[in-house]
Amino acid sequence: YVCKCCLLALAGHEDSCAENGKVYSNNEIWNPEPCKICVCDLGTITCEDIRCEDLACKDTSTPEGECCPVCSEAAGTQGQQATTWDNLLPKIKTVEEKKDESCSDNGQVYAHNDMWTPEPCRVCVCDSGTTICEEVQCEMVGNCEKVTIPEGECCPVCDSFSSANRRIGEIYICIYTYIHTCLNIYMNYMSKGRGSHVYIITSDEL
């Protein structure tokens, strides 16, 4: 006799199931009895009784090892096993969806529609088993003299704001690109459209 925990340890899969000395992998379906069907759902065995549909014939017989009767050939119609798994099929479908729609990234498993940020300027989403990632697009930061990027964040924010040395009609707009080539672009529009001046200051000059 081998205990269930030992069987699962030998199998090397925490999601496996053990019954009557046999190990079944996750999502595996089997018939422990002719009129019973089971599925392994992440280490849990779920079983349902097979229900047979009524046959439109008088003479029926049940083949050896089967659960549901079939119409005998003598009646002129060879029936087929009519099995309904109304209660079990949704469970099987749910198990398959859990397996097929999950995503894995750096050892982490994410469910369908989960979102995560592997890097400060990168966001990913799990879409039915496919990992889709995009670069973070930072919005424009305006009306500030100094901007900073908080630790662990991607986009800049205003560090401080001061009205000192500012004149009416001047607009300062800080635009950022990617974090590795971060440039501050201050656009100073003179009043009444008399001209404009654009100058670029690197992040080292802030």
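First residue of the sequence shown? That's 25 in the working numbering, and the numbers climb one at a time after it.
Cβ coordinates follow ideal geometry from the N, Cα and C atoms, glycine included.
Residue span of the beta strand (DSSP E) that contains residue i, given as start and end
i: M8; result: As shown, the chain starts at 25 and ends at 230. That puts residue 8 outside it, with no answer to give.
i: A42; result: C41 to E43
i: T86; result: No beta strand (DSSP E) contains T86, which DSSP labels as neither H nor E.
i: P56; result: I53 to E57
i: D73; result: T68 to D73
i: C64; result: K60 to D65
i: Q132; result: Q132 to Y134
i: S128; result: C127 to D129
Cutoff 7 Å; reference residue i; Cβ partners in own chain excluding five residues on either side
i: D73; result: C59 and K60
i: T155; result: C127, D129 and C148
Buried versus exposed call for residue i [16 or more other C-beta atoms within 10 Å across all chains shown]
i: C150; result: buried
i: S40; result: buried
i: V133; result: exposed
i: C162; result: buried
i: C157; result: exposed
i: A42; result: buried
i: P56; result: exposed
i: L66; result: exposed
i: P87; result: exposed
i: Y200; result: For Y200, the predicted model reports a pLDDT of 38, less than 50, meaning its position is unreliable; a value from the coordinates is still stated below. Looking at its Cβ environment, which holds 16 or more other Cβ atoms inside 10 Å, Y200 is buried.
Identity of the residue in the options nearest residue i by Cα
i: E143; options: C62, E159, P56 and Q132; result: E159
i: T68; options: E90, S49 and K82; result: S49
i: T84; options: P93, V147, H136 and N55; result: P93
i: K82; options: T141, P180, G131 and S96; result: S96
i: C145; options: K170, P174, R75 and G131; result: P174
Sequence-distant residues of its chain with Cβ nearer than 6 Å to residue i (five each side left out)
i: I53; result: V63
i: T141; result: V147
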